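Input: a single structure, listed below in structure tokens.
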Amino acid sequence: LPAHLRKDSNETLADDLIVSGGGFPVMSIKGKVFTIKRGDEDTILMRPDDDETPASGIEVVLLRAQKAVTKTFYSTGYTDGSDAKPTCYSNDGIAPAADAEDPQCNKCAICPHNQWGSRITDNGKEAKACQDNKRIAIAAPGTINDPMLLRIPPGSFKALTEYAKLLKTRGLDYNMVLTRVSFEAAAAVPQLKFKPMGFLDAAT
């Protein structure tokens, strides 16, 4: 190096440019199992009293929920657990995102894939080809600064709405309490339910 660029120590600013990790961690509910997906690493959450059995519920803080319902469409159908990019998607539920691969319509409300009956489920029920989701940032109470993304499927919207109403009648915001998120045992596909477990302490 030229003399004016030489340093007395090995410290370098190069580390500031390194991009690490595989994006925002995601809490998956595939197969009715809570799995933290962090980059290429998957961690199944196990029961505290039995490290061979997946946890049926987790206690988390609901940090912030996106008001809009997001929409995702795959022209060839979605394979559970796939990382494939959707054909079309919307972050606001109103119009396709600017970088959508192949926008299907200029407005979600009139898109044929967003209509009931545009898809028939494996058990013969009418559904929408374009999948709705509610996105919530969650964190374990002990690691509040390590948020994860939890996508709430449409089959859990009713339970989520009832939970919101319960908190509202008590004058509480959802990020003031510890919430237990668990699976509805009788449901064939992952369906979530929500229960308040107590107030967060002042530090949290």
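Numbered by our numbering, the letters in the sequence shown go through residues -7 to 196 in order.
The C-beta atom is built at its ideal place from N, Cα and C for all residues, glycine as well.
Here the structure is a predicted model, which is why all the values come from computation and not from measurement.
Own chain partners of residue i with C-beta closer than 8 Å, once the 5 adjacent residues on each side are dropped
i, result
"His(-4)", "none"
"Gly13", "At Gly13, the pLDDT of 49 sits below 50, so the modelled position is not reliable; the number obtained from the coordinates is stated separately. Result list for Gly13: Arg30, Gly31, in chain order."
"Gln107", "Lys120"
Sub-7 Å separation of residue i and residue j beta-carbons
i, j, result
"Ile144", "Lys157", "no"
"Lys63", "Cys100", "yes"
"Tyr166", "Phe186", "no"
"His105", "Ala121", "yes"
"Pro146", "Val169", "no"
"Thr79", "Tyr66", "yes"
"Leu159", "Phe16", "no"
"Ile112", "Thr196", "no"
Proximal residues to residue i (C-beta, below 7 Å), its chain only, five neighbours per side dropped
i, result
"Val52", "Ile130, Ala131, Ala132, Thr171, Val173"
"Thr35", "Thr27, Ile28"
"Ala194", "none"
"Ser82", "Thr62, Lys63, Pro88, Ala89, Cys100"
"Glu33", "none"
"Pro40", "none"
Cut-off 6 Å between Cβ atoms - residues of its own chain near residue i, not counting five sequence neighbours on either side
i, result
"Gln58", "Arg127"
"Ile21", "Pro182"
"Ser148", "Gln183, Leu184"
"Leu152", "Ile144"
"Cys103", "Gln96, Cys97"
"Pro139", "Leu55, Ala129, Ala131"
"Glu118", "Trp108, Gly109"
Bridge partner(s) assigned by DSSP for residue i
i, result
"Gly85", "None, per the DSSP bridge assignment."
"Phe65", "Cys80, Cys122"
"Met140", "Ile130"
"Glu176", "Answer is none; Glu176 lacks a bridge partner."
"Leu170", "Gly190"
"Glu154", "According to DSSP, Glu154 bridges with nothing at all."
"Ala57", "Ile128"
"Pro46", "Met38"
"Ser20", "Thr27"
"Lys99", "DSSP, once it has assigned bridges, lists no residue as partnering Lys99."
"Lys185", "Ser174"
Alpha carbon of residue i to alpha carbon of residue j, nearest angstrom
i, j, result
"Gly85", "Val61", "6 Å"
"Val25", "Pro(-6)", "57 Å"
"Gly116", "Thr68", "18 Å"
"Ala92", "Ala76", "13 Å"
"Met38", "Glu44", "7 Å"
"Arg56", "Lys(-1)", "45 Å"
"Val18", "Leu54", "14 Å"
"Asp42", "Gly23", "19 Å"
"Gly109", "Gln123", "12 Å"
"Arg162", "Phe191", "12 Å"
"Gly134", "Asp94", "41 Å"
"Leu164", "Ala179", "29 Å"
### Query
If you pair each beta-carbon of the region 44 to 57 with each one of the region 173 to 190, do three or more pairs fall below 8 Å?
yes
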